[in-house]
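The structure appears right after this line, and notes come after that.
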Amino acid sequence: MADAGGITKTWIKKHVILYTGATRHPFTVRIRDGSIDPSAFKRWLAQDYVFVREFVPFMASVLIKASKQSPEDMEVVLGGLASLSGEIDWFKREASKRDVSLANLTVHNATRNYCRLLEKLTLPEVEYAVAITAFWAIEAVYQESFAHCLEDGNNTPPELVEACQRWGSPGFREYCRSLQQIANRCLEKAPEHVVAAAETTFITILEHEIEFWNVSSGGT
Ligand SMILES: Cc1ncc(CO)c(N)n1
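Quick note, the sequence shown lines up with residues 1 to 220 if you use the UniProt record's numbering.
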């Protein structure tokens, strides 16, 4: 990924085991190999619908913090927030196509725990540098995971290509790069304790992403 370098790039290297665990998880590698079990994809679809609905207030909280920092930051975050309305519609259409009910869903523990983290990160006392780093990390994991399903040599089932393109497209890669640049700039100016909190949050997000993929793969 042509990333923005900076502090976040050093964290990707420092925590490469976790980062690889989140961005090359068996769930998405099976999509790329064409060996994904349809029931696993349906499980992921339902759980990610729950996640994306919780992602909205978190992104709104980042937008508020960004608006106090810089007009450019606010516009990048606003672009992401604006796309969520269409994303929720996409989940509903996909669920309907695949006979996945989005009503009375069983919310798995990994999904519930990840949503609880989002709620904590939404709080006003969470520093902007921590919040924007979290936002970038969450988006970057999906970007790298699904871009891999579209790269040369993939055997991704045709009916799953659109899902992979949602997060694996060059446009989404550029959006993630913009978020990474903002995070790097904030971290360069941040006091040490804030940088430490952002790194801890980065690690925690990778752990939650791995647990979330595990559920889709049939884990607990
Ligand atoms: C669990 C999860 N992480 C990241 C994204 C990217 O928005 C998503 N849709 N779901």
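All C-beta atoms in this analysis are idealised placements derived from N, C-alpha and C, irrespective of residue type, glycine included.
- Lys-68 sits in coil when the DSSP states are folded into three classes, being neither helix nor strand.
- In this structure Trp-44 does not touch Ser-169 by the C-beta definition: roughly 19 Å separates them, more than the 8 Å allowed.
- Annotation: the continuous alpha helix (DSSP H) that includes Leu-206 extends over 192-216.
- Using a Cβ-Cβ distance cut-off of 8 Å, the region 148-164 and the region 195-203 are not in contact, since fewer than three pairs of beta carbons, one from each stretch, lie closer than that value.
- Annotation for Asp-89 indicates a beta carbon at 7 Å or more from all heavy atoms of ligand 1.
- In this structure, Val-62 keeps its C-beta atom at 8 Å or more from the C-beta atom of Phe-172.
- When Ala-190, Gly-218, Glu-207 are compared, the shortest CA-CA separation from Ile-7 is found for Ala-190.
- If you check the CB distance, Leu-102 and Ala-163 do not come in under 8 Å.
- Taking 8 Å as the upper bound for CB-CB distance, Phe-55 and Leu-118 are in contact here, some 6 Å apart.
- Nearest to Glu-139 by C-alpha distance, out of Arg-98, Arg-166, Asp-73, is Arg-166.
- For the region 82-122, there is no continuous beta strand (DSSP E) assignment of 3+ residues that stays within its boundaries.
- The beta carbon of Asp-48 sits closer than 7 Å to at least one heavy atom of ligand 1.
- Residues Ala-4, Gly-6 of the same chain have their beta carbon placed closer than 8 Å to that of Gln-181, with the five preceding and five following residues left out of the count.
- Here the alpha carbons of Pro-71 and Glu-207 stand approximately 32 Å from one another.
- Between Val-52 and Phe-27 a beta carbon distance of about 17 Å is seen, past the 8 Å cut, so the two are scored as non-contacting.
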